[in-house]
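Below you'll find the structure, written out as structure tokens, and then a few comments.
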Amino acid sequence: MKSQGTLIAAFAFALVVAIFAVINVSSVEVNFLFAKTSTPLILVILVSTLLGGLSVGLFGMFKIFKLQRTIKTLEKRAAGLEAAAEPFEASFAATSFAGGKASVSDNEAEADNTASASSTTDEVK
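In structure tokens form, the structure reads like this:
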């Protein structure tokens, strides 16, 4: 959805620039550092717009490549940290309280069975 909005905005901007360029068809003198030339204003507007769009696109691509490289570096680092954490997780799982609680529950179940067995023997007497 965001890319559609961007595309529509780009087309609207291109239409405005094209209309602005067609209205300004007079010849103007352009002074480069090394030469002077007389060109139609429509060409100056269109070339300036294209060069501006290309420079913004190149900066955007550079930023995207930089972010992708950062993502790859961080993913490798995360994978290394996960591999290093596996032995600690295994040792923690072996000594965790969950194992102790299971044995306590087993002991409670045995105590309940013993208590119920003793109550049945008391009833028999």
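Numbered according to the numbering used here, the sequence shown spans residues 2 to 126.
Positions of the beta carbon are idealized from the N, C-alpha and C atoms, including for glycine.
query: Should Val23 be listed as close to the ligand PLP, given that the test is whether its C-beta is under 6 Å from any heavy atom?; result: Among the components of this structure there are no ligands whatsoever, and the ligand PLP is therefore not found.
query: Could you give the C-beta distance for Ile43 and Val23, rounded to a whole number, given that I count them as a contact under 8 Å?; result: 7 Å
query: Pop quiz: Thr50 and Val18 are said to be a contact at Cβ under 8 Å. What is the actual Cβ separation, rounded to whole angstroms?; result: 5 Å
query: Since Val45 and Val31 should fall inside the 8 Å C-beta cutoff, what is the C-beta to C-beta distance between them, to a whole number of angstroms?; result: 6 Å
query: Determine which residues share a DSSP beta bridge with Asn32 and list them.; result: Lys37
query: Assuming Met62 is part of the alpha helix (DSSP H), what are its boundary residues?; result: 42-95
query: What first and last residue would you give for the alpha helix (DSSP H) that runs through Ser4?; result: 3-24
query: Could you check the C-alpha separation between Phe21 and Ser28 for me, to the nearest Å?; result: 15 Å
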